[in-house]
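Undergrad:
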Amino acid sequence: MEVISFSYAVPLVVLVATVVFLVVKRADRPFNGRRPPGPAALPIIGHLHLLDPKVHQSFDKLCEKYGPVISLRFGSTHAVFVSTVEAAAEFFKNHDLVFGNRPQSRASRRFAYDSAGFAFAPYGAYWRFVKKLAITELLSARTVEQLLPLRRQELRKVKVDVSHELIKMTNNTVARMATGRTCAPAEGESGDPEESMKLVKQVAELIGSFNLSDHVWLPRGWDLQGCNRRIEDVLHRYDTMMERIIKQKEATRGARRGGGATLDLLDILLDLSENKGANIKLTRENIKGIILDILVAGSDSSAVTLEWALTELINHPEMLQKAREEVDRVVGRDRLVEEADISGLPNVQAVIRETLRLHPAAAFVSRESRKDTTIYGYNIPAGTSLFPVGRPAGVPPGEVLLQADNGQELKQEQLRSLPFGGGRRICPGAGLAQQVVHTALTALLQCFDWQPYGILG
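If you read the sequence shown in full-length UniProt numbering, its first letter stands for residue 1, the second for the next number, and so on.
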C-alpha cells in the first residue's frame, strides 16, 4: 500500500508544484500592472463561460457594459477588444507595428506549413517580402485586369441553389485565378469534382473553431475535441491536391510561356521560386501555403457575405427596391453587369459595407502584440491578441445605408468596420474580394426577383 500511495503522491506533488510555480511566475512579471477593464474571470477557463453561440455579439454586449477597450482571458490567452473609432485608430494606426503579428493556433500553424504562408506569418523580412509580392505581382492592377475574363465566366454560371452555387462560384473564381483551373480532377482522373470547395470550407471552419488546447494549458498536447486529427486529415488532402496541380502546371509551363497565355498566380509564384537572384527563395511549402491563403480568404468569406447580403435585403424590402432601381438605372436589363459598373452603384456598395459590419465573414481578424506596450494608460503585455468589434459604439445599425442614400461618404470607414483587418496587416486582396462580391450581388439583383420564403412574386 505504501508503494501505491507513493506512486500517486509523486505526480500530485509535481502537479501542485507546477501550478504554484506558474502562479508565482505570473505574479512576478514586471509588466503586470493596470489592465483594461473587464468582467471577473474564472480560474483556468477565464471568460469562456461568458461567450454565447453568436460569439461576436457577446463581445458587443461586453464592450457596451465595460467600455471601448476591454480585457478578456480565454484560458491562458489574453485578449483586448476595441469598440470605438477612436480606440481602433489608437491601436491599429498609432501602435500598428506593435501589433504586427497574428495569434497562432494549431490549425493556423499547420495550414500555413509552419509560417510558410502569408496570412499567419510573423512580422519580419519574409512577411514584408510576400506582402510586396502580393501588391506588385499577385494582386496588382495588371494581374487583376488580365484575370477579368475568368471572373466573368464564373459569374455567368450562377444558378438555382443559392448557398451551394455561391460558394461554388466564389471558389471556382478564386481557384482559376490562383491556379488556372477549378482544382477539380482533370478529365479522365478520378476524384471529387468539388474537393477544392469542400477543403476550403473545412480549412476555414477549423481555423475559426475553438480548440481548447490552444488556450487552456492543462489539456495541451491532448486532442480532446478531435481538432488535431481533422486538421491533419484536411491538410493531407489539400497537400495531395496541390502537388497534383503543381506537377501538372510544371509539365505544361514551357508551352504556356511560348504561347503567350495569361499567367495565373501559381505561374507567378513558380517563376519567382526559380529566380536565383531573389532576396528570399520561395519553397514548395511557401507556394502551397500562399495559395491556400488566397483560396480561403477569397472563397468561403465571399460566399458568406453574399448570402448575408441577400438575406438582409430580402428582410428590408425598401432597401431591396432601391438597390434594384439603381441597378436598372445604371446597368439596365439588356446586358449583364460588369465590374466597371460598380463605381456607379453606391447603394449596392453600401449594402456590402453594412453586411460586412453586421455579419463579418471573418469575425475575428485579430492581431497580436510583439512586445509590451502601454495604451490609454493600460499595460498590454507581449502576446496579447487584439480584436476590433465590428459594431462599434456610436455607429447604429443602418447608418451606412442612410449615408449612402444621402450620397455621402462615411468618414474613417476603415476604422468603423474592419472586415479585412487594419493597418499594415490589412488583407492585400480586399479590393479584389470586394470587386467579386459587388459584381456578384448586382448580377443576382439584376437576374432574379427575390422574395421572402412563402411569398410569390
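Note that the Cβ used here is the ideal one computed from N, Cα and C, for glycine as well.
What residues match up with H78 in a beta bridge as DSSP calls it?
TA: Walking along the sequence shown from the start, residue 78 turns up at place 78. Paired residues: R73.
Undergrad: Under 6 Å Cβ to Cβ from F120, same chain only, skipping five residues before and after it: list those, please.
TA: Along the sequence shown, one-based indexing puts residue 120 at 120. Answer for F120: R102, S108, A112, listed in chain order.
Undergrad: Are the Cβ atoms of S83 and R35 separated by less than 8 Å?
TA: The residue you call residue 83 lines up with position 83 of the sequence shown. The residue you call residue 35 lines up with position 35 of the sequence shown. No, the pair does not count as a contact, with Cβ atoms beyond the cut-off.
Undergrad: What residue range does the alpha helix (DSSP H) around I314 cover?
TA: Taking the first residue of the sequence shown as 1, we reach residue 314 at position 314. Element bounds for I314: 300-315.
Undergrad: Indicate the three-state DSSP secondary structure (helix, strand or coil) for S295 in the structure shown.
TA: Taking the sequence shown and counting its residues from 1, one reaches residue 295 at position 295. Looking at the sequence provided, one finds Leu at residue 295 rather than Ser. Helix, per DSSP.
Undergrad: Can you name the start and end residues of the alpha helix (DSSP H) that I352 belongs to?
TA: Taking the sequence shown and counting its residues from 1, one reaches residue 352 at position 352. Counting along the chain, the alpha helix (DSSP H) containing I352 begins and ends at 346-358.
Undergrad: Which first and last residues belong to the alpha helix (DSSP H) in which F111 is found?
TA: Along the sequence shown, one-based indexing puts residue 111 at 111. Unbroken alpha helix (DSSP H) run through F111: 106-111.
Undergrad: Compute the Euclidean distance between the alpha carbons of E354 and T311, then round it to the nearest angstrom.
TA: For the purposes of this step, residue 354 is taken as residue 354 along the sequence shown, with counting starting at 1. For the purposes of this step, residue 311 is taken as residue 311 along the sequence shown, with counting starting at 1. So the two alpha carbons sit approximately 12 Å from each other.
Undergrad: Give the DSSP-derived three-state secondary structure of T373 in the structure shown.
TA: Position 373 of the sequence shown holds residue 373. If DSSP states are grouped into helix, strand and coil, T373 belongs with the strands.
Undergrad: Cutting at 7 Å between CB atoms, please list the residues of its own chain near P99, excluding the five before and the five after it.
TA: As a working note, residue 99 is residue 99 in the sequence shown. Reading the sequence as shown, one finds Phe at residue 99 and not Pro. Excluding residues within five positions, the ones whose Cβ falls inside 7 Å are F91, R367, E368, S369, L386.
Undergrad: Buried or exposed: P317, going by 16 or more other Cβ atoms within 10 Å of its Cβ?
TA: The sequence position of residue 317 within the sequence shown is 317, counting from 1. Exposed: under 16 other Cβ atoms inside 10 Å.
Undergrad: Quick one: which unbroken alpha helix (DSSP H) runs of 4-plus residues sit fully inside the stretch 207-235? Chain order, please.
TA: Listed in chain order, they are 212-215.
Undergrad: Within a Cβ cutoff of 8 Å, which residues of the same chain sit near S105, ignoring the five residues on either side of it in sequence?
TA: As a position in the sequence shown, residue 105 is number 105, starting the count at 1. Result list for S105: I207, N211, D214, in chain order.
Undergrad: Rounded to the nearest angstrom, what separates I135 and A87 at their Cα positions?
TA: For the purposes of this step, residue 135 is taken as the residue at position 135 of the sequence shown. For the purposes of this step, residue 87 is taken as the residue at position 87 of the sequence shown. Going from the Cα of I135 to the Cα of A87 covers about 28 Å.
Undergrad: In the DSSP assignment, what residue or residues form a beta bridge with R367?
TA: As a position in the sequence shown, residue 367 is number 367, starting the count at 1. BP columns for R367 point to L386.
Undergrad: Identify the residues that DSSP records as bridge partners of G46: which are they?
TA: Position 46 of the sequence shown holds residue 46. Answer by DSSP bridge pairing, in chain order: L42, F74.
Undergrad: Between the Cα of V216 and the Cα atoms of I287, I246, S76, V437, which residue gives the shortest distance?
TA: Here residue 216 corresponds to residue number 216 of the sequence shown, with the count starting at 1. If we check each option's Cα against that of V216, S76 comes out closest.
Undergrad: With a CB to CB cut of under 8 Å and the five nearest residues on each side skipped, what residues in its chain are close to S58?
TA: Here residue 58 corresponds to residue number 58 of the sequence shown, with the count starting at 1. Closer than 8 Å at the Cβ level, and outside the excluded window around S58, lie L50, L51, D52.
Undergrad: On the three-state DSSP scale, how would you describe I380?
TA: Taking the sequence shown and counting its residues from 1, one reaches residue 380 at position 380. Strand at I380.
Undergrad: Taking C-beta to C-beta, are R73 and A116 nearer than 8 Å?
TA: Position 73 of the sequence shown, counted from the start, is the residue given in the question as residue 73. Position 116 of the sequence shown, counted from the start, is the residue given in the question as residue 116. Going by C-beta atoms, R73 is not nearer than 8 Å to A116.
Undergrad: Apart from the five residues just before and just after L432, which ones in its own chain have a Cβ nearer than 8 Å to its Cβ?
TA: One-based indexing of the sequence shown puts residue 432 at position 432. So the qualifying residues of the chain are L139, V144, G298.
Undergrad: Note down, in chain order, each residue of its chain lying with its Cβ closer than 8 Å to the Cβ of T179, except the 5 sequence neighbours on either side.
TA: On the sequence shown, residue 179 is found 179 positions in, with the first residue counted as 1. Within the same chain, T179 has close Cβ partners I245, K249, D264, L265, L266, I291.
Undergrad: Compute the distance between the beta-carbons of T439 and E339, then report whether it is under 8 Å.
TA: By one-based count along the sequence shown, residue 439 stands at place 439. By one-based count along the sequence shown, residue 339 stands at place 339. Contact: yes.
Undergrad: Considering only the beta carbon of each residue, do R424 and D223 sit closer than 8 Å?
TA: Locating residue 424 in the sequence shown gives position 424, counting from the first residue. Locating residue 223 in the sequence shown gives position 223, counting from the first residue. Result no, Cβ atoms of R424 and D223 do not sit closer than 8 Å.
Undergrad: How would you label D334, buried or exposed, when you count the other beta carbons within 10 angstroms and need 16 or more for buried?
TA: On the sequence shown, position 334 is the one that residue 334 refers to. Exposed, by the Cβ-count rule.
Undergrad: Classify E243: buried if its beta carbon has 16 or more other beta carbons within 10 angstroms, exposed otherwise.
TA: By one-based count along the sequence shown, residue 243 stands at place 243. Result: exposed.
Undergrad: Report the residue from H78, I342, L270 whose alpha carbon sits nearest the alpha carbon of residue 468.
TA: Here the chain comprises residues numbered 1 to 457, so residue 468 is not present and cannot be evaluated.
Undergrad: Just to confirm, are L295 and A175 a CB contact at a threshold of 8 Å?
TA: In the sequence shown, residue 295 corresponds to position 295, counting from 1. In the sequence shown, residue 175 corresponds to position 175, counting from 1. Yes, the pair counts as a contact, with Cβ atoms nearer than the cut-off.
Undergrad: For a test of the three-state rule: what should DSSP assign to N94, helix, strand or coil?
TA: Residue mapping note: residue 94 aligns to position 94 of the sequence shown, counting from 1. Residue state, collapsed to three classes: helix.
Undergrad: May I ask which residues mark the beginning and end of the alpha helix (DSSP H) holding G431?
TA: Residue numbering aside, residue 431 sits at position 431 when the sequence shown is read from its first letter. First-last of the alpha helix (DSSP H) with G431: 430-447.
Undergrad: Just how far apart, CA to CA, sit G226 and Q446?
TA: Translated into the one-based positions of the sequence shown, residue 226 becomes position 226. Translated into the one-based positions of the sequence shown, residue 446 becomes position 446. Roughly 44 Å between the two C-alpha positions.
Undergrad: Using three-state DSSP, classify N101 as helix, strand or coil.
TA: Taking the sequence shown and counting its residues from 1, the one referred to as residue 101 is at position 101. Strand, per DSSP.
Undergrad: Give the range of the alpha helix (DSSP H) segment to which Y66 is assigned.
TA: Translated into positions along the sequence shown, residue 66 becomes position 66. Run containing Y66: 55-66, per the alpha helix (DSSP H) assignment.
Undergrad: Taking D60 as the reference, give the member of Q435, N379, L358 with the closest Cα.
TA: Translated into positions along the sequence shown, residue 60 becomes position 60. Comparing Cα-Cα distances from D60 to each of Q435, N379, L358, the minimum goes to L358.
Undergrad: What is the C-beta distance between V348 and M319, in whole angstroms, given that I count them as a contact (C-beta under 8 Å)?
TA: Taking the sequence shown and counting its residues from 1, one reaches residue 348 at position 348. Taking the sequence shown and counting its residues from 1, one reaches residue 319 at position 319. About 10 Å; that fails the 8 Å criterion.
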